[in-house]
C-alpha cells in the first residue's frame, strides 16, 4: 500500500515537474512569439524596418539599456530594486572620459577606475539594503543622488569628447554579421550571465533569496552576502553600460543615462520578470524584452512619431507587461 | 504628570523626537554657514515653494500606510497643468480649464486605483507606468514649451497677505482634513487595516477594492489641487512641473517615521517630514551650490537620516525586548 502511495506520489510529482517545465517553456515561447509577430508586422508595414542597416541600428540602440538591464534583472530577481542605474552609467562615463581625455591616462587604468567606482556604488547599495536595512527603493534613490552628484562634480559644465580608438572600434568595427563589437559585448554578457544563473551556486542563491527569503535564510544562505553581491554585480554591469554609451555617442554630457533605470526595469518586465512573485524570471528573456522595446521605439521613429508620445506609449507597454504577468501567473 | 511624560517619551514617539532633533541640527547648521538665511521671508518662501510637496505628501501617507506606493504624482501634476493650459487656450474659460485639469487628475487616479484593486496589478509598476506616460503626454502637449494661462489664476493663487499667499491656509486645511480622515474616520481605520494585513482586511469584510480606489482618488485630488496652484504661481503650464516630486513626497513620509512596509504612520509625522525636507532643500539651494554639490549633499543627508533612523529603532526595539524578557523572567521567578 505505502509503496503504491509512494509511487503515485512520485508520479504526481514528476507530472508537476513536467507541467512546470512546459509552462516555463510556454512563457519563453510567448515572449519569442510576441517579438516575432512584431518583427513580421513592422516588416510588412515599413519598407525600411527589415533593412540590415536598420536591424543593426536597433541592436546598437538597445545595447546600453540591454547591459544595464542584466543587472536590474538580477537585483529584481533577488527581490530588490535599483534606481541608481542611470547615475552609475553617468559616473562610469565621466570617470572613464575624464581620465583618458583630460588626464591622458592609459585606457586600461581609466576602465578599471570607472568599474571600481561603479562597483563601489553597487557595494554601497548592497550595504545600505542588506546591512543597514533601508528599503531598496529609498537606498538606491539616495545613491542615485550621490552618484549623479559625484559625476557632475567631476564633469562640471563641460562636454567631454572621447576620441580614443578603442571606443571608436566598439561602435564601428563589425564582428558578428554586420553588428559592431558593442553589440557582441552585450550578447556575450547575456550569454555568460544566463549560463551563470543556471549552473553556478550564485545563480541558485539569487533565485532562492528572491523566491523565499525565510527558507533561504533557514537553509543557511547568507542573505547579506547574496544581496550585496547582486548589487555589486549590477553596479559593475552599469559601469560597462557606461563604456558602451561613450562608444555609441562619443561624447559625455550631464544628462547621459538619465531615466535609464526605468528603461531597464521596463525591459525586464516586458521580458516576463514577475513583480508579484519574486524569483521568477530569466536573464535571457530580459534581452527579448529590451529587443521588443527597441523594435517598437525604432518603428515609431521610422513612422515619424514624436519622441514624447513614444514615451507615453512606453508607459502603456509597461502596463501591458504587468497585466500579462497578472493574467499568466495569477494574483499574488 | 509622570504619565504625560512617559507618554511623550514612549517608544512610538522616538522617531518624532529624532526627527525634531535632526531638524533643529539642520537649522543650526544652516544658520552657522549662512547667518542671513533664516528670517521671516524664509518661512514664507518655504510654504510657497513646497505647497505641492506638502499636498502630495499628505495623500502619499495614505498610499504608503495602505502599501500602495504611488509614483505618478510628479508627472500627473505636469499633465493636469498641461490640460489646464490646453483647455484655457482653446476655450478661454478658466473655470472650465481648472475643471478639466482636476478631472484629468481624478480620472488617472481612478484608472490607477481600478488597475490595482480590481485587476490586481502591482501598484508600484502601475504608477511607474503613469509616471512615464503622463510625462510623455505633458511634454507632447505643446512640444515641451510652456502653455500660457493668463494672469487670472495667478491673482488668486498669489494673493498676498503679510507675505503668505493663499497656499498657506490651503496646506493647513488639507493637513487638518487629512489628519481627521486618517485618525477619526472609517476610511482611515481601513487604510491601516489594509496595510497591516490585506488578507485579514478582506476577510473581515472590508471592501478593499472601494477603499483602494478612494486612496488613489485622494491622491488624484491632491494632484489636481497642486496642478492648479503650480500653474497659478507660474502663470503657465510647464512640461517639467513636478519633476521628482513623487520621490520627495515618499522621502518626506518615510523620514517622518511612517514605515514603507505599511500598516502604520500618521499625517502629523508626514508634516514633520515635509518641514525637514523643505528646510534641507531650501537651505542647500540657498548656499548657492551647483547642481552637483546639491545632489551629492542631498543624497548623503537622506541616506544618513534613513540609516540613523533605522539604527535608533533597532536600539529601542532591543531595549524593549530586553525589558520584556526581564519582566517575564521575574514573573517566572515570582511564580516559582
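Protein chains in written order, with my numbering: chain A, 23 to 354; chain B, 65 to 400.
In this text, a Cβ means the ideal position worked out from N, Cα and C, and glycines have one as well.
- prompt: For the segment 213-275 of chain B, which segments carrying the alpha helix (DSSP H) assignment without a break, of at least 4 residues, lie completely within its bounds, in sequence order?
  reply: 216-221, 231-248, 250-260 and 262-267
message: What does the alpha-carbon distance come out to for the pair residue 197 of chain B and residue 203 of chain B?
response: 10 Å
Where residue 290 of chain B falls: helix, strand or coil (DSSP): helix
Where residue 129 of chain B falls, given that 16 or more other Cβ within 10 Å makes a residue buried: buried
query: Taking the alpha-carbon positions, what's the residue 384 of chain B to residue 287 of chain B distance?
result: 40 Å
field: chain B contact residues for residue 165 of chain A, given Cβ-Cβ distances below 8 Å
entry: 363 and 367
task: Provide the residue span of the alpha helix (DSSP H) that contains residue 350 of chain B, from first to last.
output: 331-350
task: Can you check the segment 144-216 of chain A for any alpha helix (DSSP H) of at least 4 residues that lies completely inside it and give the ranges in chain order?
output: 158-177 and 187-194
Neighbourhood of residue 152 of chain A by C-beta, 6 Å cutoff - its chain only, sequence neighbours within 5 removed: 246, 249 and 250
message: Considering just the uninterrupted stretch of the alpha helix (DSSP H) at residue 182 of chain B, what are its terminal residues?
response: Run containing residue 182 of chain B: none; DSSP gives neither H nor E here.
Alpha helix (DSSP H) runs contained entirely in the segment 70-102 of chain A, provided each spans 4 or more residues: 74-99
- request: Run the CB neighbour count on residue 290 of chain B, radius 10 Å, all protein chains shown included, and call it buried at 16 or more, exposed below.
  value: buried
task: Please report the residue range of the alpha helix (DSSP H) in which residue 320 of chain A lies.
output: 305-324
query: Would the beta-carbon of residue 146 of chain B fall within 8 Å of that of residue 303 of chain B?
result: yes
Inter-residue spacing [alpha-carbon to alpha-carbon] between residue 142 of chain A and residue 262 of chain A: 14 Å
message: To test your reading of the DSSP string, which unbroken alpha helix (DSSP H) runs of 4 or more residues are found completely within the segment 234-269 of chain A?
response: 235-240
Test: residue 277 of chain B CB closer than 8 Å to a CB of chain A: no
message: Let me confirm a value: residue 194 of chain B is counted as buried when at least 16 other C-beta atoms fall within 10 Å, else exposed. Which label applies?
response: buried
For residue 66 of chain A, three-class secondary structure by DSSP: helix
field: Boundaries of the alpha helix (DSSP H) in which residue 81 of chain B is found, first to last residue
entry: 78-97
- prompt: Rounded to a whole number of angstroms, what is the C-alpha to C-alpha distance between residue 23 of chain A and residue 32 of chain A?
  reply: With a pLDDT of only 44 at residue 23 of chain A, under 50, the local geometry of the prediction cannot be trusted, and the value read off the model is given with reservation. Whole-angstrom Cα-Cα distance: 14 Å.
query: Can you list, in chain order, the residues of the segment 326-358 of chain B whose Cβ is nearer than 8 Å to any Cβ on chain A?
result: 354, 355, 356, 357 and 358
query: Whose C-alpha, out of A/264, A/268, A/165 and A/337, is nearest the C-alpha of residue 176 of chain B?
result: A/337
- prompt: Are residue 92 of chain A and residue 344 of chain A close, meaning C-beta to C-beta below 8 Å?
  reply: no
field: Chain-order list of residues whose beta-carbon lies under 7 Å from that of residue 229 of chain A (same chain, five-residue window excluded)
entry: 99 and 301
field: Beta carbon proximity, residue 12 of chain A to chain B, threshold 8 Å
entry: Residue coverage of chain A in this structure runs from 23 to 354, which leaves residue 12 of chain A outside it and unanswerable.
task: Measure how close the beta-carbons of residue 403 of chain B and residue 305 of chain B come, nearest whole angstrom, since I'm counting them as under 8 Å.
output: No statement about residue 403 of chain B is possible, as the shown extent of chain B runs from 65 to 400 and does not include it.
message: By the DSSP assignment, the alpha helix (DSSP H) with residue 116 of chain B in it spans what residues?
response: 104-129
query: Hey, residue 279 of chain A and residue 357 of chain B: beta-carbon distance below 8 Å or not?
result: no
query: Would you say residue 48 of chain A faces chain B, with C-beta separation under 8 Å as the test?
result: no
message: If contact is defined by three or more beta carbon pairs under 8 Å, each pair taking one atom from either stretch, is the segment 149-166 of chain A in contact with the segment 106-119 of chain A?
response: yes
- request: Could you confirm whether any beta carbon from chain A is found closer than 8 Å to the beta carbon of residue 371 of chain B?
  value: yes
field: Distance, residue 327 of chain B Cα to residue 124 of chain B Cα
entry: 13 Å
message: Looking only at its chain, what residues have a beta carbon closer than 6 Å to the beta carbon of residue 144 of chain A, apart from the 5 residues adjacent to it on each side?
response: 253, 254, 256 and 257
field: Contacts that residue 374 of chain B makes with chain A (C-beta to C-beta distance below 7 Å)
entry: 154, 155 and 156
task: For residue 199 of chain B, go through chain A and note every residue whose CB falls closer than 7 Å to its CB, in chain order.
output: 333
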